[in-house]
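Enquirer: All letters in the sequence shown, in the order written, are residues 1146 to 1368 by the working numbering.
Here's a structure for you.
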Amino acid sequence: GLNLAYEAVDRHALGDLGPHTALRILDRNGGHRDVSYAELSVLTNRFANVLKSLGVTPGARVFVLCGRGLELFLGVLGAMKAGCVVSPLFCAFGPQPLETRLCLGEAYVLLTSDALYRRKISTIRDRLPTLKHVLVYNENAEDIAPLEGALNLHQLLAEADVHFSIACTTADSPALLHFTSGTTGTPKGVLHVHGAALTHLVSGKYALDLHPGDIYWCTADPG
């Protein structure tokens, strides 16, 4: 089969690049955290097992409303490992644009910070009929005040197994659900498949001229 998360993380983690830095997360205070391919593989396995423990099955829609922190990558890559369809959301959206996309995409799981949940999701939660699970995290600490209808991601990750058998996805299996801007009407969802890995490889190699050891600086919002 073919799975984007395996191609992006595990095939490196299982080889000589295991200790190599996969991500460098910068914080607002000038510090940073380096995450190796081996560590990222374990963390995304944990997230995939969290989804499995909640009864989330391949094909389910997992929406990610996160800033550019580690949780964003755990949500996207871990959900792909579980065979889910991942939809990233723009953090600057207000409750109404978020509600529209969550409803259109038939969101089953939402990953977000406790702050974003309080400001943007709690007021529309009862209008999201397909949303069964909300996973929340705190960007500054693992302690989260209990939120009605939400689960503590930090606690779930700590309890999850580090091993996970990646779902049997193929090149034609849906991997990502992106929405158009909606400036001319109702946003339209566009599905991307796992086979898009080839397009990303070609773009990186020939259009961006990336080489081993290069640092790819990502500043764009995931939504």
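Even for Gly, the Cβ is constructed at its ideal location relative to N, Cα and C.
#1: Roughly how many whole angstroms lie between the Cα atoms of H1157 and V1207?
#2: Exposed or buried, what is P1233 when buried is set at 16 or more other beta-carbons lying within 10 Å of its beta-carbon?
#3: Three-state secondary structure (DSSP) at G1340?
#4: Please go through the same chain and pick out, in chain order, the residues whose beta-carbon is closer than 7 Å to the beta-carbon of V1201, but skip the five residues on each side of it.
#5: Fully enclosed by the region 1192 to 1220, which beta strand (DSSP E) runs are 3 residues long or longer?
#6: Once the 5 residues before and after L1171 are set aside, which same chain residues still bring their CB inside 7 Å of it?
#7: Quick one, are the C-beta atoms of H1339 and S1318 less than 7 Å apart?
#8: Which value, in whole angstroms, describes the spacing of the CA atoms of L1196 and H1345?
#9: Whole angstroms are fine: how far does the CA of N1174 sit from the CA of L1322?
#10: Which word fits T1329, buried or exposed, when buried means at least 16 other C-beta atoms lie within 10 angstroms of its C-beta?
Expert: Let me lay it out:
#1: Residue numbering aside, residue 1157 sits at position 12 when the sequence shown is read from its first letter. Residue numbering aside, residue 1207 sits at position 62 when the sequence shown is read from its first letter. Distance between the alpha carbons of H1157 and V1207 is about 25 Å.
#2: Mapped onto the sequence shown, residue 1233 falls at position 88. P1233 should be labelled buried.
#3: As a working mapping, residue 1340 is identified with position 195 in the sequence shown. The answer is helix: DSSP assigns G1340 an H, G or I state.
#4: For the purposes of this step, residue 1201 is taken as residue 56 along the sequence shown, with counting starting at 1. These residues qualify, in order along the chain: A1227, C1229, Y1253 and V1254.
#5: 1206 to 1210
#6: Within the sequence shown, residue 1171 is the residue found at index 26, counting from 1. Within the same chain, L1171 has close Cβ partners H1177.
#7: Numbered from 1 along the sequence shown, position 194 holds the residue referred to as residue 1339. Numbered from 1 along the sequence shown, position 173 holds the residue referred to as residue 1318. The answer is yes: Cβ separation under 7 Å.
#8: Start at 1 with the first residue of the sequence shown, and residue 1196 comes out as number 51. Start at 1 with the first residue of the sequence shown, and residue 1345 comes out as number 200. Cα to Cα, the separation comes out at about 26 Å.
#9: What you label residue 1322 is simply residue 177 of the sequence shown in a count that begins at 1. What you label residue 1174 is simply residue 29 of the sequence shown in a count that begins at 1. Their Cα atoms are separated by approximately 33 Å.
#10: Here residue 1329 refers to the residue found at position 184 when the sequence shown is read from its first residue. Classification of T1329: exposed, given that the 10 Å Cβ count is below 16.
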